[in-house]
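K.L.:
Before we start, here is the structure in question, set down as structure tokens.
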Amino acid sequence: MLYFLLYSLYPKFSVFNVFRYITFRAVLAILTALIISFFLGPFVIRKLKQLQVKQFIRQDGPSTHLQKEGTPTMGGTLILASIIISVLLWADLTNFYIWVVLLVTLGFGAVGFADDYRKLTRQNSKGLTVKEKIFYQGAVAVAAGLMLYFYPTFKSTFSVPFFKGIMPNLGVFYVFLAVFVIVGTSNAVNLTDGLDGLAIGPVLITAGTFMILAYLVGHVKIASYLQIPYVSGSGELAIFCGAMVGAAMGFLWYNTYPAQMFMGDTGSVPLGAALGVVAVITKQEILLAIVGGLFVIETLSVIFQVASYKLWRKRIFRMAPLHHHFELKGWAEPKVIVRFWIITIFLALIALSTLKLR
Ligand code: 57M
Numbered sequence: 030m031l032y033f034l035l036y037s038l039y040p041k042f043s044v045f046n047v048f049r050y051i052t053f054r055a056v057l058a059i060l061t062a063l064i065i066s067f068f069l070g071p072f073v074i075r076k077l078k079q080l081q082v083k084q085f086i087r088q089d090g091p092s093t094h095l096q097k098e099g100t101p102t103m104g105g106t107l108i109l110a111s112i113i114i115s116v117l118l119w120a121d122l123t124n125f126y127i128w129v130v131l132l133v134t135l136g137f138g139a140v141g142f143a144d145d146y147r148k149l150t151r152q153n154s155k156g157l158t159v160k161e162k163i164f165y166q167g168a169v170a171v172a173a174g175l176m177l178y179f180y181p182t183f184k185s186t187f188s189v190p191f192f193k194g195i196m197p198n199l200g201v202f203y204v205f206l207a208v209f210v211i212v213g214t215s216n217a218v219n220l221t222d223g224l225d226g227l228a229i230g231p232v233l234i235t236a237g238t239f240m241i242l243a244y245l246v247g248h249v250k251i252a253s254y255l256q257i258p259y260v261s262g263s264g265e266l267a268i269f270c271g272a273m274v275g276a277a278m279g280f281l282w283y284n285t286y287p288a289q290m291f292m293g294d295t296g297s298v299p300l301g302a303a304l305g306v307v308a309v310i311t312k313q314e315i316l317l318a319i320v321g322g323l324f325v326i327e328t329l330s331v332i333f334q335v336a337s338y339k340l341w342r343k344r345i346f347r348m349a350p351l352h353h354h355f356e357l358k359g360w361a362e363p364k365v366i367v368r369f370w371i372i373t374i375f376l377a378l379i380a381l382s383t384l385k386l387r
């Protein structure tokens with residue numbers, strides 16, 4: 030809203046011309062979401078405690094986690110509120126892609142909230158069944174995929190890093206790709222959220238990387254120079270990604286070790302989905318797999334562990350996801366967390382460097 034209000038005053042006040050620039054509004058989106066999440070954090074923690082919204086710790090996890098019993102959870106409500114308010118203030122609300130990303134974020138947020146709510150009401154760490162979760166996530170993702178597929182200026186092509194000439198048109202199969210990326214990233218972030226700040230840190234780094242990517246992909250001259258797909262209007266997603274960065278920074282202040290609150294599925298499920306849909310719109314699905322490599326590794330560790338256990342009754346890791354393996358090896362929790370963040374920063378730099386290597 031503020032974007033319209035302030036920019037419409039431009040002829041009278043020339044300084045307001047600055048609000049037309051995506052870069053300026055992206056920085057404002059970061060700061061707005063950061064200020065909201067940072068200053069509302071203590072209130073949310075107090076409220077979650079009052080409402081008894083507390084984490085149940087499974088007995089079969091690392092023993093160090095048992096002391097976390099009772100930590101307030103569903104802090105994802107604060108993250109989502111910070112993002113939505115900041116986007117509504119600073120994004121161009123006539124932009125189609127902004128509404129697609131907001132639909133996915135809110136739709137997956139509802140799934141995560143329902144999961145956390147069921148854990149709360151049933152007083153255990155089981156939430157929605159896997160079938161229920163995948164069904165509702167799939168429904169929202171299919172809706173988003175179809176919206177993009179039928180949008181006049183959006184092409185259903187698949188971009189491959191390094192090979193600029195390869196841009197296969199997937200036709201209606203594009204919707205399946207979109208669903209796979211969105212649902213896959215959502216569950217990968219969900220699995221990763223198992224240590225204090227372990228998920229929100231890489232989400233922050235990945236959102237920051239996609240803030241840059243969205244700006245580049247949405248800029249016709251830069252996209253042409255870098256020979257990456259130009260997606261008209263996708264630059265506005267830099268404001269959404271900026272809001273994610275700010276909200277993540279503010280939440281991390283309270284989620285860092287030892288955490289004062291967890292985000293819950295209310296946070297991890299929509300945050301992963303939002304990164305997935307931004308990657309689909311900007312046609313950077315492969316770069317998402319690189320920047321979000323930690324999420325991929327964590328998910329693969331679970332797949333291989335479960336497969337190995339089912340096939341040969343043998344575990345590959347001491348415990349999956351991978352962060353528990355290192356905990357059981359004796360690494361202190363903060364050591365696992367910060368090292369995983371360092372890996373993510375390294376992967377983000379690799380991903381950005383591929384833009385020049387087309
Ligand atoms: C998502 N949730 C955390 C918190 C957070 C198939 C199997 C791999 C599934 C997996 C699973 O249950 N994943 C669910 C991970 C949980 O965090 C809550 O969930 C939200 C995110 N969805 O926001 O509300 C626990 O993680 C810890 N935590 C922190 N700090 C944070 O900031 O310390 C979370 C956020 C919290 C807290 O302890 O309770 C989770 O781990 O469940 N299951 C597992 O990951 C389990 N692994 C496992 O079963 N491995 C098996 C096989 C089946 C793969 C094996 O290796 O043999 C581990 N997780 C737990 N206990 N809690 C081990 C058992």
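My numbering numbers the first residue of the sequence shown as 30 and each following residue consecutively.
Just so it is clear, CB atoms sit at the ideal spot from N, CA and C, and this is done for glycine as well.
Values in this document were obtained by computation on a predicted structure and should not be read as measured data.
#1: What is the DSSP secondary structure of Lys78, counted as helix, strand or coil?
#2: How many whole angstroms separate the CB atoms of Ala308 and Val210, which I take to be in contact at a CB cut-off of 8 angstroms?
#3: Does at least one heavy atom of ligand 1 sit under 8 angstroms from the Cβ of Pro231?
#4: Among Val212, Thr186, Pro350, Tyr259, which residue has its Cα nearest to the Cα of Gly200?
#5: CB of Ile86 to nearest heavy atom of ligand 1: below 8 angstroms?
#6: State the Cα-Cα distance for the pair Ala139 and Lys41, rounded to the nearest angstrom.
#7: Quick one: which unbroken beta strand (DSSP E) runs of 3-plus residues sit fully inside the segment 301 to 364? Chain order, please.
#8: Kindly indicate which three-state DSSP category Pro91 falls into: helix, strand or coil?
#9: Considering Cα atoms alone, identify which of Phe192, Leu63, Pro101 is closest to Gln79.
#10: Taking Gln166 as part of the alpha helix (DSSP H), name the residues at either end of that continuous run.
#11: Quick one: using the 10 Å Cβ neighbour count with 16 as the cut-off for buried, is Lys155 buried or exposed?
#12: What is the DSSP secondary structure of Thr186, reduced to helix, strand or coil?
#13: Just the C-alpha distance for Val44 and Ser37, rounded to the nearest angstrom, thanks.
#14: Which of the three DSSP states, helix, strand or coil, is assigned to Asn198?
#15: Residues in the same chain with beta-carbon distance under 7 angstroms from Trp282, minus the five sequence neighbours each way, listed in chain order, please.
#16: So for Pro258, helix, strand or coil by DSSP?
#17: Identify the residues that DSSP records as bridge partners of Pro101: which are they?
#18: Kindly indicate which three-state DSSP category Asp144 falls into: helix, strand or coil?
#19: Assign Thr61 to one of two classes, buried (16 or more other C-beta atoms within 10 Å of its C-beta) or exposed (fewer than that).
#20: Exposed or buried, which one is Asp225 when buried takes at least 16 other CB atoms within 10 Å?
#21: When burial is assigned at 16 or more other CB atoms within 10 Å of the CB, is Thr295 buried or exposed?
#22: For Asn153, which of helix, strand or coil comes out of DSSP?
#23: Could you tell me if Tyr165 is buried or exposed, where buried requires 16 or more neighbouring beta carbons within 10 angstroms of its beta carbon?
#24: For Tyr338, count the other beta carbons within 10 Å of its own beta carbon; 16 or more makes it buried, fewer makes it exposed. Which is it?
#25: Counting C-beta neighbours from all protein chains within 10 Å, is the total for Gly359 16 or more, i.e. buried, or is it exposed?
P.N.:
Answer, in terms of the structure:
#1: helix
#2: 6 angstroms
#3: no
#4: Thr186
#5: yes
#6: Roughly 43 angstroms separates the two Cα atoms.
#7: none
#8: coil
#9: Pro101
#10: 159 to 179
#11: Burial is judged here by how many other beta carbons sit within 10 angstroms of a residue's own beta carbon; Lys155 has fewer than 16 and is exposed.
#12: strand
#13: 12 angstroms
#14: The DSSP-derived three-state label of Asn198 is strand.
#15: So the qualifying residues of the chain are Phe67, Gly70.
#16: coil
#17: Lys83
#18: Three-state result, Asp144: helix.
#19: Its Cβ being crowded by 16 or more others within 10 Å, Thr61 is buried.
#20: buried
#21: Buried, since its Cβ has 16 or more Cβ neighbours within 10 Å.
#22: coil
#23: buried
#24: Label assigned to Tyr338: exposed.
#25: exposed
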